[in-house]
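A.B. asks: Once you've had a glance at the structure underneath, I'll fire off some questions.
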Amino acid sequence: MEVEIDEVGCPRKIHVNITMQTGEIFTYMLGIFAIILIISTMLYYRYCKKSKSIKLTPQCEK
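Numbering (the numbering used here), first residue to last: 1013 to 1074.
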């Protein structure tokens, strides 16, 4: 691959191949899935879960 360089030293034309490999696609999908799980869990515990307070008292109180 030959790159033309102008007077300043910057490349004039750059051909960038933007195809992703299977492993990269799988990794991005896993990352997006993990982010969705984290956000949905946070929303569930913030808005949907009813607060149940458990009182820990001894069974044999006299």
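Glycine included, C-beta positions come from ideal geometry on N, C-alpha and C. All values derive from a computational prediction rather than experimental measurement.
(1) Got a sec? Which residues, its chain only, sit under 7 Å from T1031 by beta carbon, not counting five neighbours each side?
(2) Leaving out the 5 sequence neighbours to the left and right, which residues in its chain are closer than 8 Å to I1044 when beta-carbon positions are compared?
(3) Hey, how far is the Cα of I1047 from the Cα of M1054?
(4) Sorted by chain position, which residues of the same chain lie with C-beta nearer than 7 Å to E979's C-beta, five sequence neighbours on each side aside?
C.D. replies: In short, the structure shows the following:
(1) Along the sequence shown, one-based indexing puts residue 1031 at 19. Contacts found: none.
(2) Position 32 of the sequence shown, counting from 1, holds the residue named residue 1044. Here the set comprises nothing.
(3) The residue you call residue 1047 lines up with position 35 of the sequence shown. The residue you call residue 1054 lines up with position 42 of the sequence shown. Those two C-alpha atoms are separated by around 11 Å.
(4) Because the chain in this structure spans residues 1013 to 1074, residue 979 falls outside the shown range and cannot be described.
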